[in-house]
Amino acid sequence: MIQLITPDRYGAFVGELAEMHRLRYRVFKERLGWDVEVSGDMEIDDFDAYRPAYLLQMDDEDRIQGCVRLLPTTGPTMLRDTFPLLLDGQPAPGSDTIWESSRFGVDLCSRHEKSGRSIARATYELFAGMIEFGLMHQLTDIVTVTDARMERILRRARWPLRRFGPPQAIGNTLAVAGYLEVSPERLMCVREAGDLVGRVMRVTGGDGHHANPSQAIGAAA
Amino acid sequence: MHGIFQAFIDGLVTNGDAQSLRSVLVQAGEALDLTCFAYICLPSRRGDAPELISTYPIEWTDHYLQQSYARLDPVIIEALATPEPFEWGREFLGKGLSKPQHRLLDEAAQFGIRCGFTIPIHDPRGPVAAVTFATEERRATFQRCIEQHRRVLQLMAMYFHAHARRRLTLNRVVDGVALSPRELECLEWAAQGKSAWEIGRLLNISRRTAAFHLDNTKTKFGVRTICQAVAKLAASKAVAE
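Protein sequence lines, in the order shown, are assigned to chains A and B. FYI, the working numbering numbers position 149 of the first sequence as 149, with every residue one higher than the one before it. FYI, the working numbering numbers position 214 of the second sequence as 214, with every residue one higher than the one before it.
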C-alpha cells in the first residue's frame, strides 16, 4: 500500500515523516555510503525544504518499507541545480506537467522478510504509486536522476527511462537522468509486471484515522 | 503535536529573514513549553561568525559572539564530534574542561542556561549546525517533553536548518544563472588562478568534487572553458559595481 503525504498534511503524518528520514538514513548513508546530511539516525537534504510530496510504501502492519520524493520542475530540482551535467546540453525541464522524483529507497523492516520477492513488491508498488500520483496531477512525465542499476530495474518493470544523455561517473556511482512516461498504459504495464491488482495509493490516513479500512468498515457495521 | 508541527512547517515556508524564522521556532517552542532555545550554524570559513538564532538573552549572545565562544563551547565541540542528539548538563560536560570552558559554563548559568538537549546536524558539504533546547534546571516537565517528542524535535531541527540555510545562503545569480554557494566559491578560487586540485585542498573537498562544481558552472553558463566562466563572473561583478 502507498501513502501519499502532501505538504498540507505533514503535521498529520509527522511520525511517518520521521520514520521516512530514518529509512533514508539506512538506505543512502549506511547502505549506499553517500555523503549525505544527517542528524542522529535521520537523513535530510535541501530539497526537503521545498515542500515536496512523499510516497511511502507500507506493509500490512503499516510499517514503512520504501519512499520516494516528488517535486514540481517549475521550482528547484536536482536535475537543474545539482546535476545539470546529466542534461547533456538540453535545457532542464520546467513545466507544470513534469515533476521530478528523487530519494527513491526501499529497506524492509526485518531480516527474514528481506526476500527478493518482498523487495520487488515494495519497488513495484512505489513505481505504480508514482504513476498514479502523476495521473492525479495530469502529468505527462516524471524526470529523475538515477543510476545504471535502477535503470535496469525500471526496464524490468516495463517503465523504461528515456535518457537525456549517456551515464556519467559522479562520485562512486554511474549516474543517468531521464524521463519516465506517465500514462494509463504505463500504469497497466507496471501493475502487470509487479502482479499488482488495482490502485496502490491510499490518500487518507494519518492521525491514526482510517489507517485500516477494514477496521473502519467494522466500526460502521 | 500534529498541529504544532504543521504550523511550524507552514511558518518556515512563508517566513524569510532570520527574525521571522526565529518567531516560527518561538511559537513551536511555546506550544511545547520549550521556550529557551538556540539555533547555531557554524561558519564554513574559519574566522567568519556563526549564524545564531535564539531566545537567549541578547547580552549573552552578544558576549558569546564577541568572545568567539563557539570555538570552545563544550556543547558545540560535542555537536561537532557526533551527529547524535544528546542531553547535557554540568555533570555531562564537566570532565576534562579547560579553565576558559568552565568560565563559559559559569557565565551561561548566570543567564539561566544550565542544561539542555542538543540536536546536531552534519552536512558533509556544508557547515555543521545545532539546535539546543535549554533550561535552568532539569525539571521533570522538560525531561518528559524531550523524551516524548525526541523524534519530532529532531525533525523540527533538521527542517529549521534546511530552511534557514536556504534563506541565509541563497544562490547567487551571476549573468542570469543561479550558482550554488559551493559553485560560486570554486569559481571565485578559479578566478584567483587556483587549479581544481588546489581548490579541493582549500575547501577540504576532493579534486574531483571541485572539478565537478566547476564543470557545473561551465554547463550553467553554457561555456566551454573555466576561463570563459571566470570572465562571466568578472563581467557580472563589474556591472554590480
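Here a beta-carbon is modelled for each residue, glycine too, at the ideal position from N, C-alpha and C.
query: Interface flag, H149/B vs chain A, CB-CB below 7 Å; result: no
query: C-alpha distance - R71/B paired with I77/B, whole-angstrom precision; result: 8 Å
query: V226/A - partner residues in DSSP beta bridges; result: Not covered by the structure: residue 226/A. The range shown for chain A is 1 to 221.
query: Rounded separation between I226/B and R24/A - CA only; result: 36 Å
query: Interface flag, E37/A vs chain B, CB-CB below 7 Å; result: yes
query: Length at least 3, wholly inside the segment 138 to 162 of chain A: the beta strand (DSSP E) runs in chain order; result: 141 to 147
query: DSSP bridge partner residues for Y179/A (one or two, in chain order); result: V143/A, R162/A
query: Residue range of the unbroken alpha helix (DSSP H) whose run includes E59/B; result: 58 to 66
query: Short CB-CB distance (under 7 Å) between I9/B and chain A; result: yes
query: Stretch-stretch touch, CB-based, cutoff 8 Å, three pairs: the segment 31 to 40 of chain A with the segment 104 to 117 of chain B; result: no
query: Cβ-based contacts, 8 Å cut-off: residues of the segment 63 to 82 of chain B near chain A; result: none
query: Spatially closest choice to E61/A from T73/A, F83/A, I2/A, by CA coordinates; result: I2/A
query: Any chain B beta carbon closer than 7 Å to D48/A; result: yes
query: Integer Cβ distance of A38/B from I4/B, believed to fall under 8 Å; result: Not a contact, Cβ separation roughly 19 Å.
query: The beta strand (DSSP E) enclosing G105/A, as first and last residue numbers; result: 98 to 106
query: Closest by C-alpha distance to A162/B, when choosing among H63/B, V13/B, T209/B; result: V13/B
query: Contact with chain A by M156/B, beta-carbon distance below 7 Å; result: no
query: Members of the segment 83 to 98 of chain B near chain A, C-beta cut-off 7 Å; result: P83, E84, P85
query: Beta-carbon separation (whole angstroms), G171/A vs L86/A, contact threshold 8 Å; result: Going by Cβ atoms, the distance from G171/A to L86/A rounds to 13 Å, so no, they are not a contact pair.
query: Member of Q67/B, W88/B, G96/B whose CA lies at the smallest distance from the CA of E107/B; result: Q67/B
query: Local Cβ density within 10 Å of A157/A, reported as buried at 16 or more and exposed below that; result: buried
query: Stretch-stretch touch, CB-based, cutoff 8 Å, three pairs: the segment 49 to 57 of chain B with the segment 187 to 203 of chain B; result: no
query: Element boundaries [beta strand (DSSP E), containing P120/B]; result: 115 to 121
query: Partner residues on chain A for A210/B, Cβ-Cβ distance less than 8 Å; result: Result: empty, since nearest Cβ-Cβ is about 13 Å, beyond 8 Å.
query: Closer than 7 Å to chain A by CB, T132/B; result: no
query: Other residues of its chain near P84/A: CB distance less than 7 Å, five sequence neighbours each side excluded; result: A92
query: Minimum C-alpha distance to E183/B - residue among V230/B, R151/B, R150/B, R144/B; result: V230/B
query: Status (buried if at least 16 other CB within 10 Å, exposed otherwise) for E132/A; result: buried
query: V182/A versus D8/A - alpha carbon distance; result: 24 Å
query: Nonlocal neighbours in the same chain, by C-beta distance under 7 Å from V32/B, ignoring five residues either side; result: As written in the sequence, residue 32/B is Leu, which differs from the Val given in the question. Counting only Cβ-Cβ distances below 7 Å, and skipping sequence neighbours, we find I4, C145, H149.
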